[in-house]
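Since the structure comes first, as structure tokens, the remarks are kept for the end.
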Amino acid sequence: MSTIASDSMIVMTRELRPALRDPFTVVFSLTQPLILLALFGPLLDGVPGMGPDVWNWFVPGVLAMIAIFGTSMTGSNLLQELHDGSHERMLVTPLRRSSLLIGRACKEMIPLAAQAVVILLVALPLGMNLNPVGAVVGIAILGIFGVGLGALSYALALAVRDQDWVFWTVQQTLLFPMLILSGTMLPLDNAPGWMEALVTINPLKHVVDTERALFAGDFALGQLSTGIAAAVGVAVVGLVVGSKSVK
């Protein structure tokens, strides 16, 4: 395990270097969530299902949206390396195969952490009541979920390889229903029965609900265990599938 951790750190550091050379990319990626906070957040006041603290409901959903969009792009970066041959050069190194996908997925979580800090700092003056410990735990759970999703994105890129359009078709087809059925942007209290059934089996829904509870300082064991189980389940499935695809 220590070898996998150290190898994953090497891969993550390698993947972070382009972002460090071009920090404006990370800054630019903050534009969309900040626009959502400024223009969409105020419209939610009084919407049924929100509760009295609109920002405590809305901000965790925004962070979840950033996380899944970021980690689901892991495969797109791999596609570029498959085209220029740099991925094959990585395969002949003594790095563990699983570290190639773990390191890539973890790399996407570093910008997420920086973006989360900025978004929370902006949301606090708007009226968000934040529990710092709960926020840290919630973002950590979201990070675990993101690693699994990133690994699945990695496996998808390896499966399609030269067919970039297949990667984007599958990613977009799965990503947006996952977002909508997780209640990240709007409550799902009045959803029809068939949609409620899909919501129940959506792991992102349980992660987002746990985030919202933790951000508000609610450490109820039932909700916490459900969110952790959903995040760990996705991480395990992603790492198993991704590890098999890279061999």
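Throughout, this note's numbering is defined as the position within the sequence shown, counted from one, plus 3. The beta-carbon is built from N, C-alpha and C at its ideal position, and this holds for glycine as well.
Original post:
Is A219 helix, strand or coil when you go by DSSP?
Top reply: Translated into the one-based positions of the sequence shown, residue 219 becomes position 216. If DSSP states are grouped into helix, strand and coil, A219 belongs with coil.
**OP:** Please work out which residues of its chain come closer than 6 Å, Cβ to Cβ, to L242, disregarding the five sequence neighbours upstream and downstream, and give them in chain order.
**Re:** Start at 1 with the first residue of the sequence shown, and residue 242 comes out as number 239. Counting only Cβ-Cβ distances below 6 Å, and skipping sequence neighbours, we find A154.
Subject >> Nearest-angstrom Cβ-Cβ length linking R107 and E18, presumed shorter than 8 Å >> reply: Along the sequence shown, read from residue 1 onward, the residue named residue 107 stands at position 104. Along the sequence shown, read from residue 1 onward, the residue named residue 18 stands at position 15. Contact flag correct, Cβ pair sits at about 6 Å.
Subject >> contact_flag[the segment 112 to 131, the segment 192 to 208] where n(CB pairs < 8 Å) is 3 or more >> reply: They do not touch, by the three-pair rule.
Original post:
Closest by CA to L23, which one among A238, A117, D167, L94?
Top reply: Translated into the one-based positions of the sequence shown, residue 23 becomes position 20. Distances from the alpha-carbon of L23 to those of A238, A117, D167, L94 put A117 closest.
**OP:** Please work out which residues of its chain come closer than 7 Å, Cβ to Cβ, to L98, disregarding the five sequence neighbours upstream and downstream, and give them in chain order.
**Re:** Along the sequence shown, one-based indexing puts residue 98 at 95. So the list reads D10, I13, V14, once near-sequence residues are dropped.
Original post:
Cα-Cα, which of V62, F31, P206 is closest to P45?
Top reply: Indexing the sequence shown from 1 puts residue 45 at position 42. Checked all of V62, F31, P206; the closest Cα to P45 is V62.
Subject >> Pairwise C-alpha distance: A234 and S248 >> reply: Walking along the sequence shown from the start, residue 248 turns up at place 245. Walking along the sequence shown from the start, residue 234 turns up at place 231. About 21 Å.
**OP:** Please report the residue range of the alpha helix (DSSP H) in which M1 lies.
**Re:** The question about residue 1 has no answer, for the chain in this structure spans 4 to 250.
**OP:** Take L238 and list the residues in its own chain whose beta-carbon comes closer than 8 Å to its own, dropping the five residues that flank it on each side.
**Re:** Position 235 of the sequence shown holds residue 238. As written in the sequence, residue 238 is Ala, which differs from the Leu given in the question. So the qualifying residues of the chain are I147, F148, V150, G151, A154.
**OP:** Since I believe L201 is in contact with L184 (beta carbons under 8 Å), could you give me their beta-carbon distance rounded to a whole number of angstroms?
**Re:** Numbered from 1 along the sequence shown, position 181 holds the residue referred to as residue 184. Numbered from 1 along the sequence shown, position 198 holds the residue referred to as residue 201. Correct: roughly 5 Å between the Cβ atoms.
Subject >> Option nearest A119 by Cα separation, candidates L227, I69, L103, R92 >> reply: Along the sequence shown, one-based indexing puts residue 119 at 116. A119 has its Cα closest to that of I69, out of L227, I69, L103, R92.
**OP:** Return the first residue and the last residue of the alpha helix (DSSP H) that T176 is part of.
**Re:** For the purposes of this step, residue 176 is taken as the residue at position 173 of the sequence shown. Element bounds for T176: 167 to 183.
**OP:** Return the Cβ separation of G64 and A158 in integer angstroms, given the expectation that the two are a contact with Cβ distance under 8 Å.
**Re:** As a working note, residue 64 is residue 61 in the sequence shown. As a working note, residue 158 is residue 155 in the sequence shown. G64 to A158, Cβ: 26 Å. No contact.
Subject >> Uninterrupted beta strand (DSSP E) stretches inside the segment 101 to 172 (no shorter than 3 residues) >> reply: none
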